[in-house]
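Asker: Can you keep this structure in mind? I'll have questions shortly.
Residue numbers (this note's numbering): 128 to 415.
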């Protein structure tokens with residue numbers, strides 16, 4: 128098995144070591160190699176190629192570990208030299224649209240393209256950092272990385288763009304929760320009620336996350352106007368504590384927007400299920 132890694136930053140070096148140790152025939156490429164990259168290649172007696180070229184013709188797999196802005200150019204340059212059936216795993220942070228474009232280009236050259244999203248901190252977990260993969264060849268990529276001690280979850284029926292889309296959506300959730308948690312716990316700590324707050328919120332632990340999120344969206348389209356007032360009052364309370372919220376103004380605007388839409392376009396049913404609620408929100412998205 129011949130594997131090439133393009134990009135020898137933290138991600139590229141993270142996979143280079145375990146793949147080399149697993150016995151693959153490794154090639155590496157970096158336009159501007161750091162000292163760490165140079166030292167790594169020297170340890171194994173490898174040449175550091177400056178760009179994609181004919182040296183890729185025998186590669187079975189290419190791992191693209193460059194920046195998101197370079198994802199499409201690197202994919203195009205590499206695919207021009209790859210043999211039919213070779214695999215190209217894009218581990219960059221490029222957008223879903225860019226990854227879909229790269230996949231279409233690769234398909235034209237009969238190269239298998241795998242959209243790969245890194246779902247954790249490489250600096251903390253190394254090769255054990257979970258990866259999410261979608262696209263033609265995802266199962267084969269999973270086997271390659273498993274052989275080096277890594278973990279890849281393949282999205283069943285997924286296509287290029289799905290993995291990075293899901294990573295971004297997960298970030299919307301977790302980073303939004305993080306920002307709210309900061310404001311929530313700082314206020315609770317200042318008032319001396321943090322432990323009591325944990326107890327008050329414990330009922331949420333009893334509800335599956337999917338059910339909880341669906342419930343929020345279902346009831347949002349019914350009660351947005353009332354909840355906008357509640358969010359406004361919560362902002363006032365945090366401000367009175369000397370802890371003005373940076374998050375809740377956006378939350379309030381989300382509720383006000385929905386309330387305004389409801390006045391112009393009432394719900395088709397008084398108590399929508401999650402499918403009906405999302406359909407209504409999507410249908411009115413361009414009116415916000």
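Note that the Cβ used here is the ideal one computed from N, Cα and C, for glycine as well.
1. Once DSSP output is grouped into helix, strand and coil, what is the label at residue 190?
2. If you reduce the DSSP assignment to three classes, tell me which class residue 282 lands in.
3. By a C-beta neighbour count over all protein chains shown, 10 Å radius and 16 as the cutoff for buried, is residue 399 buried or exposed?
4. CA-CA distance, residue 359 and residue 301?
5. Rounded to the nearest angstrom, how far is the Cβ of residue 282 from that of residue 344, given a contact under 8 Å?
6. So, for residue 192: in the same chain, excluding its five sequence neighbours on each side, which residues have a beta-carbon less than 8 Å away from its beta-carbon?
7. Which residue marks the beginning of the beta strand (DSSP E) containing residue 418, and which one marks its end?
8. Considering only C-alpha positions, which residue in the set 295, 409, 130 is nearest to residue 392?
9. What residue does the beta strand (DSSP E) around residue 130 start on, and which one ends it?
10. Taking just the CA atoms, how far does residue 277 sit from residue 178?
11. With distance defined between alpha-carbon atoms, name the residue in 144, 151, 147, 146 nearest to residue 128.
12. Work out the CA separation of residue 351 and residue 362 for me, nearest whole Å.
13. Along the alpha helix (DSSP H) that carries residue 297, what are the first and last residues, could you check?
14. Determine the direct distance from the alpha carbon of residue 263 to that of residue 375, and round the result to whole angstroms.
15. Assuming residue 147 and residue 183 are in contact, meaning their beta carbons sit under 8 Å apart, how far apart are those beta carbons, in whole angstroms?
16. So, using beta-carbon positions, are residue 260 and residue 221 closer together than 9 Å?
17. What first and last residue would you give for the beta strand (DSSP E) that runs through residue 200?
18. Please classify residue 268 as buried or exposed, where buried requires at least 16 other C-beta atoms within 10 Å of its C-beta.
19. Taking buried to mean at least 16 other C-beta atoms within 10 Å of its own C-beta, is residue 196 buried or exposed?
20. With a CB to CB cut of under 8 Å and the five nearest residues on each side skipped, what residues in its chain are close to residue 171?
21. Using the Cα positions of residue 181 and residue 299, report the straight-line distance between them to the nearest angstrom.
22. By alpha-carbon positions, which one of 244, 243, 245, 215 ends up nearest to residue 232?
23. On the criterion of 16 or more Cβ atoms from any shown chain inside 10 Å, does residue 239 qualify as buried, or is it exposed?
24. From this set, 252, 187, 243, which residue's C-alpha is nearest residue 295's C-alpha?
25. Can you tell me whether residue 365 is buried or exposed, with buried defined as 16 or more other CB within 10 angstroms of its CB?
26. Leaving aside the five residues before and after residue 285 along the sequence, list all residues of the same chain whose C-beta is less than 6 Å from its C-beta, in chain order.
Answerer: Walking through what the data contain:
1. Residue 190 sits at position 63 when you count from the first residue of the chain shown. It is a strand residue.
2. Reading the chain shown from its first residue, position 155 is the one you call residue 282. Assignment of residue 282 by DSSP, reduced to helix, strand and coil, places it in the coil class.
3. Within the chain shown, numbered from 1, the residue matching residue 399 stands at position 272. In the assembly as shown, residue 399 is a buried residue. Its beta-carbon has 16 or more other beta-carbons within 10 Å.
4. On the chain shown, position 232 is the one that residue 359 refers to. On the chain shown, position 174 is the one that residue 301 refers to. Roughly 23 Å separates the two Cα atoms.
5. In the chain shown, the residue the question calls residue 282 occupies position 155. In the chain shown, the residue the question calls residue 344 occupies position 217. Contact flag wrong, Cβ pair sits at about 23 Å.
6. Counting from one through the chain shown, the residue named residue 192 turns up at place 65. Shown here for residue 192: same chain residues with a beta carbon closer than 8 Å to its own, the five before and five after excluded, namely 132, 133, 134, 135, 136, 138, 139, 142, 218, 219 in chain order.
7. It is not possible to answer for residue 418, since the shown part of the chain is limited to 128 through 415.
8. Here residue 392 corresponds to residue number 265 of the chain shown, with the count starting at 1. When C-alpha distances from residue 392 are compared across 295, 409, 130, the shortest belongs to 409.
9. Locating residue 130 in the chain shown gives position 3, where the first residue counts as 1. From DSSP, the beta strand (DSSP E) with residue 130 extends over 129-133.
10. Against the chain shown, residue 178 aligns to sequence position 51. Against the chain shown, residue 277 aligns to sequence position 150. Between the alpha carbons of residue 178 and residue 277 lies a gap of roughly 26 Å.
11. By one-based count along the chain shown, residue 128 stands at place 1. Measuring from the Cα of residue 128, the nearest candidate turns out to be 151.
12. Here residue 362 corresponds to residue number 235 of the chain shown, with the count starting at 1. Here residue 351 corresponds to residue number 224 of the chain shown, with the count starting at 1. When rounded, the distance between both Cα atoms is 16 Å.
13. Start at 1 with the first residue of the chain shown, and residue 297 comes out as number 170. From DSSP, the alpha helix (DSSP H) with residue 297 extends over 289-318.
14. Numbered from 1 along the chain shown, position 248 holds the residue referred to as residue 375. Numbered from 1 along the chain shown, position 136 holds the residue referred to as residue 263. Straight-line Cα distance between these residues: approximately 42 Å.
15. On the chain shown, residue 147 is found 20 positions in, with the first residue counted as 1. On the chain shown, residue 183 is found 56 positions in, with the first residue counted as 1. Separation of the CB atoms of residue 147 and residue 183 is rounded to 17 Å, and the pair is thereby denied contact status at 8 Å.
16. Translated into the one-based positions of the chain shown, residue 260 becomes position 133. Translated into the one-based positions of the chain shown, residue 221 becomes position 94. Cβ atoms of residue 260 and residue 221: not closer than 9 Å.
17. Stepping through the chain shown from its first residue, residue 200 is reached at position 73. Careful: residue 200 lies outside any beta strand (DSSP E), inside the alpha helix (DSSP H) at 198-206.
18. Numbered from 1 along the chain shown, position 141 holds the residue referred to as residue 268. Residue 268 should be labelled buried.
19. Your numbering for residue 196 matches position 69 in the chain shown. Exposed, because fewer than 16 other Cβ atoms sit within 10 Å of the Cβ of residue 196.
20. Here the question's residue 171 lines up with position 44 in the chain shown. Closer than 8 Å at Cβ, skipping near neighbours: 147, 153.
21. As a working mapping, residue 181 is identified with position 54 in the chain shown. As a working mapping, residue 299 is identified with position 172 in the chain shown. Rounded to whole angstroms, residue 181 to residue 299 spans 41 Å at the Cα level.
22. As a working note, residue 232 is residue 105 in the chain shown. Of the candidates 244, 243, 245, 215, the residue whose Cα lies closest to the Cα of residue 232 is 215.
23. Along the chain shown, one-based indexing puts residue 239 at 112. Burial state of residue 239 is buried, judged by a 10 Å Cβ sphere holding 16 or more other Cβ atoms.
24. Here residue 295 refers to the residue found at position 168 of the chain shown. The residue from 252, 187, 243 with its alpha-carbon nearest to that of residue 295 is 243.
25. In the chain shown, counting from the first residue as 1, residue 365 sits at position 238. Looking at its Cβ environment, which holds 16 or more other Cβ atoms inside 10 Å, residue 365 is buried.
26. Position 158 of the chain shown holds residue 285. The beta carbon of residue 285 sits closer than 6 Å to those of 261, all from its chain and outside the five residues before and after it, given in chain order.
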